[in-house]
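Undergrad: Residue numbers (the numbering used here): 1343 to 1847.
Structure in structure tokens, see below.
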């Protein structure tokens, strides 16, 4: 068994030496590393596994311990499946962990504990950036353990403190991400559950839900993953990573259901049962609803169109691979209607689904009908809805605005179809005329001016006036070219008779 250090051995102790010591009075002896030595008081500070640090430990309490690599090798030779000590390979030197605040410091400055956990978390971040994910997990979880042990009477008391819960949730969430990168999905799921105990909020909660859903999905637990990812999508409808994982989970759920159905009906003739004809009837019904919904949308009857599109999205006719074109068209129409009704979060989610479904159809080579109002209109509405959700969503909105401008360039000028039916032998319906006006407005100089104006505001928020100047100039040029300036000036001239002060035009 480890021996008490003799006076001569004690004189040879140094920072980095390995010894045995209990964490607290009454605990079992375990291996730890000396991180600080005070010769005057004959005491040391010790760091244990998990990052726990014991300060001002009398030298009489420690026992000598060989280096951890030697212990691990000896344990392996003895036939132990799991050696008690695992070689650190320089972990403590690489991690640069902070020293916990002493009781006197905490009493004088209660904020010291928050700086301590922040520094601990920052050490984990550096290890993450270096790709040392196992060490990062150790550091993130060690941060929570060290904060609880050194700064609070118990873990429960720590979790009562909001300003402690926030970094603790972030540490567990970051550790879960590291575990996912190491393909240790069971550990990632457990870390996410620890994170949820810290009651994360807003963006932190979205990250935990996403990572928990990813971990459960990789474990094959689709039923557990779906509600987690759906909740994350409800919180951030335009989050691309969340929506991508949600689509993957839904696809996995459909594949599992299809496999289950195939197993059940393997020996059933569907044509004799009438199931095939019912599916075709459902598809025809969905197509009829889409036609009526787009007719209402073209007549600007958005309140009537929206529930029709939603009904298609819920219908059996839009399910499965054969229903992909109906789902694509319905998500487009429902998103446009929601935008016109001022429901920006709903619009952003639906239009993001449309573009994802469109990309999937194109990647799979599946045919679909281009939406009658045009793709640039949907992209502009998605950009503006995302912009309206708040400044934290502006970078995403900027990406959509640039995509909109590219799509307008590809589409070219959009002519309004005002010619009579049969002109030059071409049949033109009322619906086509109405749709052409939407396409024309979506690609107009006025719409492009608005896009550049939003880009200018976003650029100014991030980089100041200089960064915003180019988009601001382009917005002014397009507004002038499209006659927008004259229209607004004319409107301003009519303001004084209505009672508005002339100086506020």
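Beta carbons: idealized from backbone N, C-alpha and C, even for Gly.
Just so we're clear, the structure is a prediction, and the values are computed from it rather than from any experiment.
So, with DSSP's three-state summary, where would you put residue 1444?
TA: coil
Undergrad: What is the rounded straight-line gap between the Cα of residue 1590 and the Cα of residue 1482?
TA: C-alpha separation (whole angstroms): 29 Å.
Undergrad: Mapping DSSP to helix, strand and coil, what is residue 1544?
TA: helix
Undergrad: Pick helix, strand or coil for residue 1404, following the three-state DSSP scheme.
TA: coil
Undergrad: Within its chain, find whatever has a CB closer than 8 Å to the CB of residue 1755; leave out the 5 residues flanking it on each side and keep chain order.
TA: 1785
Undergrad: CA-CA distance, residue 1686 and residue 1692?
TA: 10 Å
Undergrad: I'd like to know if the region 1699-1708 and the region 1742-1750 are in contact, where contact means that at least 3 CB-CB pairs between them fall below 8 Å.
TA: no
Undergrad: Give a yes or no on whether the C-beta atoms belonging to residue 1745 and residue 1721 are separated by under 8 Å.
TA: Yes, they are a contact pair.
Undergrad: Measuring alpha carbon to alpha carbon, tell me which of 1651, 1730 and 1598 ends up nearest residue 1690.
TA: 1730
Undergrad: Go to residue 1570, then tell me how far its alpha helix (DSSP H) extends in each direction, as first and last residue.
TA: Counting along the chain, the alpha helix (DSSP H) containing residue 1570 begins and ends at 1564-1577.
Undergrad: DSSP state of residue 1617, grouped into three classes?
TA: Model confidence at residue 1617 stands at a pLDDT of 48, short of 50, so the residue's coordinates are unreliable and nothing is read from them.
Undergrad: What's the call for residue 1684, buried or exposed, on a 16-neighbour Cβ count within 10 Å?
TA: exposed
Undergrad: Please report the straight-line C-alpha distance between residue 1629 and residue 1669, rounded to a whole angstrom.
TA: 10 Å
Undergrad: What's the gap between the Cα of residue 1810 and the Cα of residue 1727?
TA: 21 Å
Undergrad: Is the beta carbon of residue 1634 closer than 8 Å to that of residue 1650?
TA: Residue 1650 places its beta carbon less than 8 Å from that of residue 1634.
Undergrad: Could you tell me the alpha carbon to alpha carbon distance between residue 1717 and residue 1699, rounded to whole angstroms?
TA: 13 Å
Undergrad: Would you identify the three-state DSSP class for residue 1378, choosing helix, strand or coil?
TA: strand
Undergrad: Taking contact to mean 3 or more Cβ pairs, one atom from each stretch, closer than 8 Å, check whether the region 1451-1466 and the region 1477-1494 are in contact.
TA: yes
Undergrad: Could you tell me if residue 1845 is buried or exposed, where buried requires 16 or more neighbouring beta carbons within 10 angstroms of its beta carbon?
TA: In this predicted model, residue 1845 has a pLDDT of only 42, less than 50, meaning its place in the structure is not dependable enough to derive any value.
Undergrad: For residue 1806, does the count of other Cβ atoms within 10 angstroms reach 16, so buried, or fall short, so exposed?
TA: By the 10 Å Cβ count, residue 1806 comes out exposed.
Undergrad: Which residue marks the beginning of the alpha helix (DSSP H) containing residue 1731, and which one marks its end?
TA: Boundaries cannot be given for residue 1731, as no alpha helix (DSSP H) includes it and DSSP labels it neither H nor E.
Undergrad: Give me the Cα-Cα distance between residue 1822 and residue 1585, rounded to the nearest whole angstrom.
TA: If you draw a straight line from the Cα of residue 1822 to the Cα of residue 1585, it comes to about 39 Å.
Undergrad: From residue 1935 to residue 1371, what distance separates their C-alpha atoms?
TA: Residue 1935 is absent from the model: the chain starts at 1343 and stops at 1847.
Undergrad: Whole angstroms are fine: how far does the CA of residue 1512 sit from the CA of residue 1569?
TA: 21 Å
Undergrad: On a CA-only basis, which of 1360, 1359 and 1374 is nearest residue 1366? Give me that one, please.
TA: Looking at the Cα atoms, 1374 is the closest of the given residues.
Undergrad: Can you grab the Cα-Cα spacing for the pair residue 1458 / residue 1599, in whole Å?
TA: Across the structure, residue 1458 and residue 1599 are spaced so that their CA atoms are roughly 49 Å apart.
Undergrad: Got a sec, what are the start and stop residues for the beta strand (DSSP E) residue 1388 sits in?
TA: 1385-1389
Undergrad: Given a cut-off of 8 Å on the beta-carbon distance, is the pair residue 1680 and residue 1645 in contact?
TA: No.
Undergrad: Under 8 Å, do residue 1510 and residue 1486 count as touching if we go by C-beta distance?
TA: Yes; because the gap between Cβ atoms is below 8 Å, this pair is in contact.
Undergrad: Out of 1671, 1594 and 1595, which one is the CA nearest neighbour of residue 1631?
TA: Cα-wise, what sits closest to residue 1631 is 1671.
Undergrad: Could you give the residue range of the beta strand (DSSP E) that holds residue 1642?
TA: Element bounds for residue 1642: n/a, residue is neither H nor E.
Undergrad: Quick check on the burial criterion: 16 or more other C-beta atoms within 10 angstroms. Buried or exposed for residue 1792?
TA: buried
Undergrad: Taking Cβ positions, are residue 1522 and residue 1480 nearer each other than 8 Å?
TA: no
Undergrad: Consider the C-beta atom of residue 1718 and the heavy atoms of the ligand SAM; say whether any pair is separated by less than 7 Å.
TA: Absence of the ligand SAM from the depicted structure is noted, as is the absence of any ligand whatsoever, leaving it without description.
Undergrad: Could you name each continuous alpha helix (DSSP H) segment of 4 residues or more that falls completely within the region 1644-1717, going from the start of the chain to the end?
TA: 1644-1656, 1666-1682 and 1686-1706
Undergrad: Is residue 1639 closer than 8 Å to residue 1773 when the C-beta atoms are compared?
TA: no
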